[in-house]
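Residue numbers (my numbering): 6 to 363. Just so it is clear, CB atoms sit at the ideal spot from N, CA and C, and this is done for glycine as well.
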Amino acid sequence: MSGTDLLAPGAVIGILGGGQLGRMTALAAAAMGYRSHIFCPDADAPASQVTDRTTQAGYGDTAALDAFAASVDVVTYEFENIPYGTVAHLAGRVPVHPGAGALAVCQDRLAEKVFVNCLGIGTADFRVVPDPSVLPALVDGLDGPCVLKANTMGYDGKGQALIRHPHEAEDAWLAVGARLCVLEKFVEFEREVSVIAARDRAGRVVCYPAVENRHEHHILKHTLAPAPDFEARQEAAQAIAVRLIEGLDMVGVLAVEMFACSDGRLLVNELAPRPHNSGHWTIEGCRVSQFANLVRALVGLPVADPGVRGRAEMLNLLGDEADDWAALAADPAASVHLYGKAEARPGRKMGHVTRLIS
Numbered sequence: 006m007s008g009t010d011l012l013a014p015g016a017v018i019g020i021l022g023g024g025q026l027g028r029m030t031a032l033a034a035a036a037m038g039y040r041s042h043i044f045c046p047d048a049d050a051p052a053s054q055v056t057d058r059t060t061q062a063g064y065g066d067t068a069a070l071d072a073f074a075a076s077v078d079v080v081t082y083e084f085e086n087i088p089y090g091t092v093a094h095l096a097g098r099v100p101v102h103p104g105a106g107a108l109a110v111c112q113d114r115l116a117e118k119v120f121v122n123c124l125g126i127g128t129a130d131f132r133v134v135p136d137p138s139v140l141p142a143l144v145d146g147l148d149g150p151c152v153l154k155a156n157t158m159g160y161d162g163k164g165q166a167l168i169r170h171p172h173e174a175e176d177a178w179l180a181v182g183a184r185l186c187v188l189e190k191f192v193e194f195e196r197e198v199s200v201i202a203a204r205d206r207a208g209r210v211v212c213y214p215a216v217e218n219r220h221e222h223h224i225l226k227h228t229l230a231p232a233p234d235f236e237a238r239q240e241a242a243q244a245i246a247v248r249l250i251e252g253l254d255m256v257g258v259l260a261v262e263m264f265a266c267s268d269g270r271l272l273v274n275e276l277a278p279r280p281h282n283s284g285h286w287t288i289e290g291c292r293v294s295q296f297a298n299l300v301r302a303l304v305g306l307p308v309a310d311p312g313v314r315g316r317a318e319m320l321n322l323l324g325d326e327a328d329d330w331a332a333l334a335a336d337p338a339a340s341v342h343l344y345g346k347a348e349a350r351p352g353r354k355m356g357h358v359t360r361l362i363s
């Protein structure tokens, strides 16, 4: 397959990662007539339950990767902590979207912030922390509460520690794993919002409306779509997402998390070059979901206008909350999605519920 070929139904999409994002991508692909092949190191991964084929192997297993590449027509990944070397290896054998360049930016917090700032887009003020000896002075220099974040492998609040005073620096360094970190000045934000953009091979971009995200213990719990009372800033938020996905020159879906400040500023917090938890509402809330637009981009179709159907809310089911599935499913206004995970742990995303509210 060349970079310009349109893949016909029946073609195989390779997905690195076997979690719920891979699962919902595979379901969207199946609805359009495409097959999926999951590659992940885990047995009984959620995505494997709904796909044609799974390769269970480590991301560094080059023989398994070569066989995987030979069996698929295009590859994507469901999370940005896939090793860069895995994606680069596959990219020499089969088209991979988003490409290794976008992954390199989005899996490295420092590279990501530098990239965003170079486009003239704001972030929290930040400093690089190569070792703990400089941390107290950096905290003092930022003059106020700070958040220490591991430079790589952080998600759902993992690898982060709040520092209110310089004397807390050493404990924070140990808490995030004693590795290269980024120190951010704490942002007094009004609310957290996110925008999802999709871009196809021809460079066409479409955006889903900015949504408001509410977290519990650093884990997304509730999304309101579109973000209420945010009409005046919708265009600006979507424009940021367009600039970023074009700047990354990526094909696929990009989620942009932002802090909306009371003074009108929109500061980018994180980028995710794949479908995002805050976009799950699009399955019922839009004519074309984030997963369907990812599939369209992967197979060479033009991305489609989302076709927002109205207001919606999405509630994550964490841990044993999914045990109430029967009561939730009895609500005719609720669309319940369960991910097929065997073990419910505190804070683990076991499913979600979407309700259309207008």
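Check your understanding: So is M29 buried or exposed if we call it buried at 16+ other beta carbons inside 10 Å?
Key -> For the purposes of this step, residue 29 is identified with residue 24 of the sequence shown, where counting begins at 1. Flag for M29 reads buried.
Exercise for review: With a cut-off of 8 Å on the beta carbons, I'd call V152 and E175 a contact; round off their distance for me.
Suggested key: Position 147 of the sequence shown, counting from 1, holds the residue named residue 152. Position 170 of the sequence shown, counting from 1, holds the residue named residue 175. Going by Cβ atoms, the distance from V152 to E175 rounds to 16 Å, so no, they are not a contact pair.
Practice item. May I ask you to verify whether the segment 28 to 44 touches the segment 53 to 64, counting CB pairs closer than 8 Å and requiring at least 3? Key: yes
Check your understanding: Taking C-beta to C-beta, are A265 and V198 nearer than 7 Å?
Key -> Stepping through the sequence shown from its first residue, residue 265 is reached at position 260. Stepping through the sequence shown from its first residue, residue 198 is reached at position 193. In this structure, V198 lies closer than 7 Å to A265 by Cβ.
Practice item. Pull up the DSSP beta-bridge partners for E217, would you. Key: Here residue 217 corresponds to residue number 212 of the sequence shown, with the count starting at 1. E217 is bridged to V198, L229.
Check your understanding: Can you list the beta strand (DSSP E) stretches of 3 or more residues lying completely in the segment 109 to 177, in chain order?
Key -> 131 to 134, 151 to 155, 165 to 168
Point to revise | As assigned by DSSP and simplified to three states, the class of A13 | key: One-based indexing of the sequence shown puts residue 13 at position 8. In the structure shown, A13 sits in coil (DSSP, three-state: anything other than H, G, I, E or B).
Check your understanding: Is the distance from the Cβ of V258 to the Cβ of A203 below 7 Å?
Key -> If you number the sequence shown from 1, residue 258 lands on position 253. If you number the sequence shown from 1, residue 203 lands on position 198. Yes.
Check your understanding: From W286, L303, G356, pick the residue whose C-alpha is nearest to that of L229; which is it?
Key -> Translated into positions along the sequence shown, residue 229 becomes position 224. When each option's Cα is compared against that of L229, the closest is W286.
Exercise for review: Could you tell me which residues DSSP puts in a beta bridge with Y82?
Suggested key: Position 77 of the sequence shown holds residue 82. Beta-bridge pairing links Y82 to L21.
Review point. So, using beta-carbon positions, are G352 and L306 closer together than 7 Å?
Key: Translated into positions along the sequence shown, residue 352 becomes position 347. Translated into positions along the sequence shown, residue 306 becomes position 301. For G352 and L306, no; Cβs fall outside 7 Å.
Check your understanding: Is it right to say R114 is buried, meaning 16 or more other beta carbons lie within 10 angstroms of its own, or is it exposed?
Key -> As a first step, residue 114 must be located in the sequence shown, where it is residue number 109. So R114 ends up on the buried side.
Review point. For A129, does the count of other Cβ atoms within 10 angstroms reach 16, so buried, or fall short, so exposed?
Key: As a first step, residue 129 must be located in the sequence shown, where it is residue number 124. Counting Cβ neighbours within 10 Å, A129 comes out buried, since at least 16 surround it.
Review point. Going by beta carbon distance, what residues of the same chain come within less than 7 Å of P367, once the five residues before and after it are set aside?
Key: The structure shown does not extend to residue 367, since the chain spans only 6 to 363, so no value can be given for it.
Exercise for review: Round the Cβ separation of N48 and G27 to the nearest angstrom and send it over; I've been treating them as touching at under 8 Å.
Suggested key: Residue 48 sits at position 43 when you count from the first residue of the sequence shown. Residue 27 sits at position 22 when you count from the first residue of the sequence shown. The question names Asn, but residue 48 is Ala in the sequence shown. That belief does not hold up - the Cβ atoms of A48 and G27 are roughly 15 Å apart, past 8 Å.
Review point. Below 7 Å between beta carbons: does that hold for I126 and I201?
Key: The residue labelled residue 126 in the question sits at position 121 within the sequence shown. The residue labelled residue 201 in the question sits at position 196 within the sequence shown. Contact flag unset, no.
Check your understanding: Whose CA, out of R169, F120, V313, P141, lies closest to the CA of C212?
Key -> Here the question's residue 212 lines up with position 207 in the sequence shown. For C212, the nearest C-alpha among the options comes from V313.
Review point. Between which two residues does the beta strand (DSSP E) carrying H357 extend?
Key: Position 352 of the sequence shown, counting from 1, holds the residue named residue 357. Unbroken beta strand (DSSP E) run through H357: 354 to 361.
Point to revise | For P351, the three-state DSSP class (helix, strand or coil) | key: On the sequence shown, position 346 is the one that residue 351 refers to. Three-state DSSP puts P351 in coil, outside helix and strand.
Review point. Who are the near neighbours of D336 in its chain, counting only those whose CB is closer than 7 Å to its CB and skipping five residues on each side?
Key: Position 331 of the sequence shown holds residue 336. Taken in chain order, the list of residues that qualify is empty.
**Study point:** N321 classed as buried or exposed, judged by whether at least 16 other C-beta atoms fall within 10 angstroms
**Key:** Position 316 of the sequence shown holds residue 321. Under this definition N321 is a buried residue.
Review point. Considering only residues of the same chain and omitting the five flanking positions on each side of R292, which have a CB-CB separation below 6 Å?
Key: Working through the sequence shown from its first residue, we reach residue 292 at position 287. Correct list, in chain order: G312.
Practice item. Answer yes or no: do A338 and R360 have a C-beta to C-beta separation smaller than 7 Å? Key: Your numbering for residue 338 matches position 333 in the sequence shown. Your numbering for residue 360 matches position 355 in the sequence shown. Yes, Cβ-Cβ distance for A338 and R360 is below 7 Å.
Point to revise | Rounded separation between V134 and P150 - CA only | key: Taking the sequence shown and counting its residues from 1, the one referred to as residue 134 is at position 129. Taking the sequence shown and counting its residues from 1, the one referred to as residue 150 is at position 145. Distance between the alpha carbons of V134 and P150 is about 16 Å.
**Study point:** Nearest candidate by alpha-carbon position, reference H170, set P141, G159, L185
**Key:** Within the sequence shown, residue 170 is the residue found at index 165, counting from 1. Answer by Cα proximity: P141.
Exercise for review: Please work out which residues of its chain come closer than 6 Å, Cβ to Cβ, to Y64, disregarding the five sequence neighbours upstream and downstream, and give them in chain order.
Suggested key: As a first step, residue 64 must be located in the sequence shown, where it is residue number 59. Result list for Y64: P88, T91, in chain order.
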